[in-house]
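Residue numbers (my numbering): 859 to 954.
Before any comments, here is the structure.
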Amino acid sequence: MAAGVQPLLTLSEARIQAELSRAAAIAAGAAAYRRKRVRLVLICIADYVAGLAIIGFSVHISDGDLAPVLFYAGLLRALCGPIWTVLLTLWLEENG
859 MAAGVQPLLT LSEARIQAEL SRAAAIAAGA AAYRRKRVRL VLICIADYVA
909 GLAIIGFSVH ISDGDLAPVL FYAGLLRALC GPIWTVLLTL WLEENG
């Protein structure tokens, strides 16, 4: 005859409810973190596209003095905009 299998661990109903609420809080925190990251990525993509648009506009300018200014402004926007956005966001999350 096989003996009945005893559970290795028995938890009270209060402990089970506490663990379930803790798991729900962790899931909500992960969802909020994911939303913040998606927003950050979209802002970086928008900065990059805005810089490329400025560069594209500078190619079509016939004014000899304004075209290089717009080109380099677009270059700075496309390359430095996303970098500064990420750095400032991380710094503000840490210190804010």
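Every residue, glycine too, gets a C-beta built ideally from N, C-alpha and C.
- Proximity to residue 950 across 898, 935, 883 peaks at 898, based on C-alpha coordinates.
- Judged by pairs of C-beta atoms under 8 Å, the region 903-915 touches the region 923-934, as three or more such pairs exist.
- Contact annotation: residue 916 and residue 928 have beta-carbon atoms nearer than 7 Å.
- Less than 7 Å separates the beta-carbon of residue 943 from that of residue 902.
- Around the beta carbon of residue 926, fewer than 16 other beta carbons sit within 10 angstroms, so the residue counts as exposed.
- The beta carbon of residue 913 sits closer than 8 Å to the beta carbons of 928, 929, 932, 933, 936 from its chain, once the five residues preceding and following it are set aside; these are given in chain order.
- In this chain, the alpha helix (DSSP H) harbouring residue 926 covers 924-953.
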